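S.K.: Please find one structure pasted underneath; my questions will follow.
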Amino acid sequence: IPVVTNEKETSWNFSWTTDFPLFEYSEEENRYMAMHHPFTSPMLEDMHLLDEQPGKVRSKAYDLILNGNELGGGSIRIHERAVQQRMFRALGISDAQAQEKFGFLLEALTYGAPPHGGIAFGLDRLCTLMGGYTSIRDVIAFPKTKTAESLMDGSPGAVDDAQLKELHIGLSAEAKAAKAAMQAKK
177 IPVVTNEKET SWNFSWTTDF PLFEYSEEEN RYMAMHHPFT SPMLEDMHLL
227 DEQPGKVRSK AYDLILNGNE LGGGSIRIHE RAVQQRMFRA LGISDAQAQE
277 KFGFLLEALT YGAPPHGGIA FGLDRLCTLM GGYTSIRDVI AFPKTKTAES
327 LMDGSPGAVD DAQLKELHIG LSAEAKAAKA AMQAKK
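Note that this note's numbering has the sequence shown beginning at 177, numbered continuously upward.
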């Protein structure tokens, strides 16, 4: 697709990247980890590899690329309880742990879920490319400093003790010190 950007013609080359590995092996943890997340569906033709050769299983995940830049990505989710249980086992999550952490999901999958998926696009990345910029900092609507502070509205703001108590949130000593420092700045 030819376009004019910053008074020069350029071409936009789109592509879809697929066939991502479902897992990556962690030497540190000595186990397979989900490459995207533990709810990404494996390719149907790779299901026979899931239990014995998880490193060879491809995922139903995809990225949209424009001129070498990722614009967005997503995946088809697991929609069958048996497949989700096999995925957890391949990740080293026991049936008991899976039930404790994800019992609600496993139960919901017994009632039947349609095949489903999602995708998310980075509008800031697209604006960067369309405008001919090199950094999303040049186009981002609400930029933050390197310390994650917003110069437009002063966020993040301090959270008072009543709010923390209401939400049953406790602060570590380090967080309490940071909170005190933030309050002292204002």
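Glycine included, every Cβ here is placed at the ideal spot set by N, Cα and C. What you are looking at is a predicted structure, and each value in this text was computed from that prediction instead of being measured.
Quick check on the DSSP output: what are the complete alpha helix (DSSP H) runs of length 4 or more inside the segment 209–269, in order along the chain?
M.R.: 257–266
S.K.: Pull up the DSSP beta-bridge partners for residue 293, would you.
M.R.: Within the sequence shown, residue 293 is the residue found at index 117, counting from 1. Answer is 252, bridged to residue 293.
S.K.: Measuring alpha carbon to alpha carbon, tell me which of 358, 225, 239, 346 ends up nearest residue 298.
M.R.: Stepping through the sequence shown from its first residue, residue 298 is reached at position 122. With distances taken between Cα atoms, residue 298 lies closest to 239.
S.K.: Taking Cβ positions, are residue 241 and residue 190 nearer each other than 8 Å?
M.R.: Working through the sequence shown from its first residue, we reach residue 241 at position 65. Working through the sequence shown from its first residue, we reach residue 190 at position 14. Against a cut-off of 8 Å, the Cβ pair of residue 190 and residue 241 comes out as a contact.
S.K.: Along the chain, where does the beta strand (DSSP E) containing residue 193 start, and where does it finish?
M.R.: For the purposes of this step, residue 193 is taken as the residue at position 17 of the sequence shown. Run containing residue 193: 190–193, per the beta strand (DSSP E) assignment.
S.K.: Under the assumption that residue 218 contacts residue 235 (Cβ atoms under 8 Å), give the Cβ distance between them as a whole number of angstroms.
M.R.: Sequence index remark: in the sequence shown, residue 218 carries index 42 (1-based). Sequence index remark: in the sequence shown, residue 235 carries index 59 (1-based). Rounded to the nearest angstrom, the Cβ distance from residue 218 to residue 235 is 6 Å, consistent with a contact under 8 Å.
S.K.: What residue does the alpha helix (DSSP H) around residue 278 start on, and which one ends it?
M.R.: One-based indexing of the sequence shown puts residue 278 at position 102. Taken as a continuous stretch (DSSP letters only), the alpha helix (DSSP H) holding residue 278 covers 271–286.
S.K.: Determine the direct distance from the alpha carbon of residue 313 to that of residue 358, and round the result to whole angstroms.
M.R.: Against the sequence shown, residue 358 aligns to sequence position 182. Against the sequence shown, residue 313 aligns to sequence position 137. Distance between the alpha carbons of residue 358 and residue 313: 25 Å.
S.K.: At which residues does the beta strand (DSSP E) containing residue 200 begin and terminate?
M.R.: In the sequence shown, the residue the question calls residue 200 occupies position 24. Counting along the chain, the beta strand (DSSP E) containing residue 200 begins and ends at 199–202.
S.K.: Count the other C-beta atoms from every protein chain shown that fall within 10 angstroms of the C-beta of residue 339, then say buried if there are 16 or more, exposed otherwise.
M.R.: One-based indexing of the sequence shown puts residue 339 at position 163. That one is exposed.
S.K.: Where does residue 260 land, buried or exposed, given buried means 16+ other C-beta within 10 angstroms?
M.R.: Here the question's residue 260 lines up with position 84 in the sequence shown. With a 10 Å radius around the Cβ and a threshold of 16 neighbouring Cβ atoms, residue 260 comes out buried.
S.K.: Flag this pair as yes or no: are the beta carbons of residue 275 and residue 285 separated by less than 8 Å?
M.R.: The count along the sequence shown starts at 1 and reaches residue 275 at position 99. The count along the sequence shown starts at 1 and reaches residue 285 at position 109. Cβ distance not < 8 Å, so residue 275 and residue 285 don't count as in contact.
S.K.: Ends of the alpha helix (DSSP H) at residue 354?
M.R.: Here residue 354 refers to the residue found at position 178 when the sequence shown is read from its first residue. In the DSSP annotation of this structure, the continuous segment of the alpha helix (DSSP H) that includes residue 354 starts and ends at 349–361.
S.K.: From which residue to which residue does the alpha helix (DSSP H) around residue 300 run?
M.R.: Here residue 300 is taken as the residue at index 124 of the sequence shown, counted from 1. From DSSP, the alpha helix (DSSP H) with residue 300 extends over 299–306.
S.K.: State the Cα-Cα distance for the pair residue 278 and residue 210, rounded to the nearest angstrom.
M.R.: Position 102 of the sequence shown holds residue 278. Position 34 of the sequence shown holds residue 210. Between residue 278 and residue 210, the C-alpha separation is close to 16 Å.
S.K.: Exposed or buried, what is residue 254 when buried is set at 16 or more other beta-carbons lying within 10 Å of its beta-carbon?
M.R.: Position 78 of the sequence shown, counting from 1, holds the residue named residue 254. With 16 or more Cβ atoms within 10 Å of its Cβ, residue 254 is classed as buried.
S.K.: Using the Cβ count rule (16 or more neighbours within 10 Å means buried), how would you classify residue 263?
M.R.: Walking along the sequence shown from the start, residue 263 turns up at place 87. Using a 10 angstroms sphere on the CB of residue 263, the tally of other CB atoms reaches 16 or more, which defines it as buried.
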